[in-house]
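428 is the number of the first residue of the sequence shown in our numbering; add one for each residue after it. Every residue, glycine too, gets a C-beta built ideally from N, C-alpha and C.
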Amino acid sequence: MQDPLLSDAARNALGAPALATQALRVEHERLALRLAVSAAISHLALSWPRIEIENARARVPSFYALEVLRAGEGRLPGLDELARRAEASGTAHLGWPAPQRPEEAIDDTEYDLATLSQLKDADPATSVGAAAYLLGANVHLARALRARARRWRKGWSMSDGLIDPDAETIAALARHRIGARAYSPTALESFAVCPYRFLLQAIHQLRPREEIEAVDVLDPLTRGALIHEIQFQLLGALCTERQLPLSAARLEPAFAHLDTAVARVAAEYRERLAPAIARVWEDAIEAIRIDLREWLRRLAAAGKAWTPSHFELAFGLPEHLRPQADPASVAEPVKVLDRALLRGSIDLIERQPDGTLRVTDHKTGKVRVPEDAVVWGGQALQPVLYALVAEALFNKPVASGRLHYCTAAGEFTERLIPLDAGSRASAQTVLEVIGRAIEQGFLPASPLKDACDTCDYRIVCGPHEGVRVSRKRSERLADLASLRGLL
Numbered sequence: 428m429q430d431p432l433l434s435d436a437a438r439n440a441l442g443a444p445a446l447a448t449q450a451l452r453v454e455h456e457r458l459a460l461r462l463a464v465s466a467a468i469s470h471l472a473l474s475w476p477r478i479e480i481e482n483a484r485a486r487v488p489s490f491y492a493l494e495v496l497r498a499g500e501g502r503l504p505g506l507d508e509l510a511r512r513a514e515a516s517g518t519a520h521l522g523w524p525a526p527q528r529p530e531e532a533i534d535d536t537e538y539d540l541a542t543l544s545q546l547k548d549a550d551p552a553t554s555v556g557a558a559a560y561l562l563g564a565n566v567h568l569a570r571a572l573r574a575r576a577r578r579w580r581k582g583w584s585m586s587d588g589l590i591d592p593d594a595e596t597i598a599a600l601a602r603h604r605i606g607a608r609a610y611s612p613t614a615l616e617s618f619a620v621c622p623y624r625f626l627l628q629a630i631h632q633l634r635p636r637e638e639i640e641a642v643d644v645l646d647p648l649t650r651g652a653l654i655h656e657i658q659f660q661l662l663g664a665l666c667t668e669r670q671l672p673l674s675a676a677r678l679e680p681a682f683a684h685l686d687t688a689v690a691r692v693a694a695e696y697r698e699r700l701a702p703a704i705a706r707v708w709e710d711a712i713e714a715i716r717i718d719l720r721e722w723l724r725r726l727a728a729a730g731k732a733w734t735p736s737h738f739e740l741a742f743g744l745p746e747h748l749r750p751q752a753d754p755a756s757v758a759e760p761v762k763v764l765d766r767a768l769l770r771g772s773i774d775l776i777e778r779q780p781d782g783t784l785r786v787t788d789h790k791t792g793k794v795r796v797p798e799d800a801v802v803w804g805g806q807a808l809q810p811v812l813y814a815l816v817a818e819a820l821f822n823k824p825v826a827s828g829r830l831h832y833c834t835a836a837g838e839f840t841e842r843l844i845p846l847d848a849g850s851r852a853s854a855q856t857v858l859e860v861i862g863r864a865i866e867q868g869f870l871p872a873s874p875l876k877d878a879c880d881t882c883d884y885r886i887v888c889g890p891h892e893g894v895r896v897s898r899k900r901s902e903r904l905a906d907l908a909s910l911r912g913l914l
C-alpha cells in the first residue's frame with residue numbers, strides 16, 4: 428500500500444532519494460529478512476502477532492513467513508496451513524504470552540514468563556530461589572519486584588503510597604495543606620475514594636496523556652460538558668429576556684431558546700471533536716435535546732418558589748479555566764468554616780423572594796448518592812461545600828445544596844442536603860481528616876471497593892490493591908474509616 432500522503436508517482440517526480448517508494452520499501456524489508464535468516468547459527472525461530480490486542484481479532488499471518496517456509500521446504504504452504512502450524516507450535520496467549528517450557532522461549536521476556544508459570548504450582552520447598560536471577564537481571568525490575576513484595580506485607584512501607592515521609596517531604600507538603608492552597612470539592616472527594624489517588628490527582632496533579640482519536644460515541648465526560656454549556660447559554664438567554672422564573676406560559680419560547688443553544692454548542696463541539704459517524708453524533712445530540720426539554724418542563728413546574736439568579740458562578744479559577752462564567756464570579760478562592768480554601772464553579776444558584784439561596788450541581792449520569800446522604804462518606808461534598816461558598820460570597824442565608832440529576836439516565840432525581848448544623852459538622856470532619864492526612868504525610872493506596880476499575884492511576888498501583896490493603900494493619904486507617912462512615 429502506497430503512502431496516502433505522497434504517492435509513488437509524486438515521489439518519483441520529486442527525484443529525492445530520501446523519499447522511498449513502495450517498491451524500495453519492500454526491497455528493504457526483504458533484505459532485512461535475508462540478513463536476519465543468514466545470522467542464524469543452530470536454529471531459526473519465526474514469530475508474528477496473531478491477535479490484535481486492542482480488539483481481540485485474529486491477524487493475517489505474515490507473508491514473509493510463507494517465503495521462509497518455501498525457501499526451507501521447497502513448497503509454498505497456504506495461509507490456513509501456516510496458521511495451523513503456528514497454533515500447534517505456540518502455546519502463548521494474551522493473558523500469558525509465553526510458551527509452556529522456558530527452553531522454547533525466543534527472547535528474555537518469554538523465558539521469564541515461562542519460568543514463573545512453572546513456579547506458580549510448584550512445591551515451595553523445592554522452588555525457593557528459582558526466580559532469584561530476576562533480581563540481578565535488571566536494576567529497575569529488581570526495584571519493582573521488591574516494591575511489589577513490600578506491598579503484600581502486613582506493615583506499611585513507602586511502597587504503599589506516601590507513608591512516613593522524611594522532613595523534606597513534610598515541608599514540601601506544607602504548601603498543600605487545606606488552608607494553604609485552594610482545592611476543588613471534586614478533588615477533595617477523591618480522598619475518600621482513595622487517599623493515594625488524591626495525592627496523585629490533587630497534589631502531584633498527574634493526568635492521563637491526551638491522545639487524539641476519532642470520536643465514535645459521546646463519552647460521559649464530553650456529554651456532561653456539552654450539557655453544562657448548553658444549560659449555561661440557555662439560562663443566560665432566558666435571564667436576559669426576563670423569562671425567569673419559568674412558567675407553563677413561558678415554556679414554548681424557552682424550548683426555542685433551547686434549540687438555538689443546542690445547535691450552537693453542538694456545532695462548536697462537532698468542529699472540535701470531528702465525530703467519525705455523523706448519524707451516531709446526531710442521535711447523541713438529539714438525546715441531549717430531549718433530556719433538556721424534560722429538564723425545562725420540570726423547572727417550569729417548580730413555579731416561582733426558586734428563581735435562577737447565577738449560572739456557572741466561578742471562584743478561585745484563572746480566566747483561562749472559566750471562559751464562560753457568571754458576572755458575579757471572583758478570581759480569589761473562598762474560605763469556608765474558617766479552615767479550607769476552595770475553588771470551582773457552581774452550576775446554578777437560585778433565590779427565594781426573601782433572599783434565601785439554594786445551590787444546585789447538575790449531574791448527567793446515573794444516581795449514585797443515597798437518599799439520606801449528607802456527605803456520603805466524603806464522596807459527595809459539592810452540595811454542602813458549594814452552599815458554604817455561596818453563603819460566604821453573598822452573605823445571605825443558604826437553605827440547602829442540591830444534586831440534580833438532569834437527564835433520563837438519572838431519572839431527573841434530586842438529592843437535597845440542608846445547610847444546617849449537622850451538614851456543617853460533617854463537612855468540618857471531612858476537612859479535618861484530609862488536613863491531618865496531608866500534615867502527617869499519610870496518603871496510602873487504600874481504595875474503596877471497585878474504585879480501581881475506573882481509576883486513571885491503576886497503571887501506577889497495579890491490580891489487587893484492595894486485597895493488599897485488607898492484609899495491612901488497620902489502626903492507621905482509623906481516620907479514613909471514620910470519614911467513610913459519615914452519612
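Look at the beta carbons and you see the stretch 664-684 not touching the stretch 637-644: under three pairs across the two are nearer than 8 Å. Assignment of Phe-869 by DSSP, reduced to helix, strand and coil, places it in the coil class. According to the DSSP assignment, Val-763 belongs to the beta strand (DSSP E) that extends over 761-763. Looking from the CA of Leu-769, the closest CA among Arg-778, Tyr-813 and Ser-736 belongs to Tyr-813.
In the structure shown, Val-487 adopts coil according to DSSP, grouped into three states. The Cβ-Cβ distance between Leu-723 and Phe-682 falls below 8 Å. Straight-line spacing of the CA atoms in Asp-591 and Ala-652 works out to 39 Å. In the DSSP assignment, Tyr-832 falls within the beta strand (DSSP E) that extends over 825-832.
Contact fails between the stretch 834-851 and the stretch 865-881, because fewer than three Cβ pairs, one in each stretch, are under 8 Å apart. Annotation: Phe-821 to Ala-752 spans about 17 Å, alpha carbon to alpha carbon.
As DSSP reads the structure, Phe-738 sits in a beta bridge with Leu-775. For Arg-650, the CB contacts under 8 Å within the same chain, skipping 5 residues up- and downstream, are Ala-711, Ile-715 and Thr-791 in chain order. Between Thr-881 and Pro-890, the alpha-carbon positions lie close to 12 Å from each other. Within the DSSP secondary-structure output, Leu-768 pairs in a beta bridge with Ala-609 and Lys-762. Closest in alpha carbon position to Ala-541, among Leu-493, Leu-843 and Ala-525, is Ala-525. When C-beta atoms of the stretch 826-837 are compared with those of the stretch 896-913, fewer than three pairs fall below 8 Å, so the two segments do not count as touching. Taking all protein chains in view, the Cβ of Tyr-560 is surrounded by fewer than 16 other Cβ atoms within 10 Å, so the residue is classified as exposed. Annotation: Arg-512 to Tyr-623 spans about 48 Å, alpha carbon to alpha carbon.
Runs of alpha helix (DSSP H) with 4 or more residues, each lying fully within the stretch 876-909, are found at 885-888 and 892-897, listed in chain order. Separation of the CB atoms of His-655 and His-789 is rounded to 7 Å, and the pair is thereby assigned contact status at 8 Å. Within the same chain, Cβ atoms closer than 8 Å to the Cβ of Ser-544 are found at Trp-523, Ala-525 and Gln-527, the five residues on either side in sequence being excluded. Taking all protein chains shown into account, His-684 has 16 or more neighbouring C-beta atoms within 10 Å of its C-beta and is therefore buried. For Ile-605, the number of other beta carbons within 10 angstroms of its own is at least 16, and it is reported as buried. Taking all protein chains in view, the Cβ of Asp-718 is crowded by 16 or more other Cβ atoms within 10 Å, so the residue is classified as buried. With at least 16 other beta carbons inside 10 angstroms of its own, Asp-587 counts as buried.
Collapsing the DSSP output to three states places Glu-640 in coil. The three-state reading of DSSP puts Gly-588 in strand, counting E and B together. Asp-788 is bridged by DSSP to Leu-830. For Pro-702, the beta-bridge partners assigned by DSSP are Val-642. The closest CA to that of Ala-836, considering only Pro-780, Pro-431, Glu-721 and Leu-907, is found on Glu-721.
Between the alpha carbons of Asp-781 and Pro-680 lies a distance of about 28 Å. Ranked by Cα distance from Val-620, the options Val-894, Leu-875 and Ala-908 are led by Leu-875.
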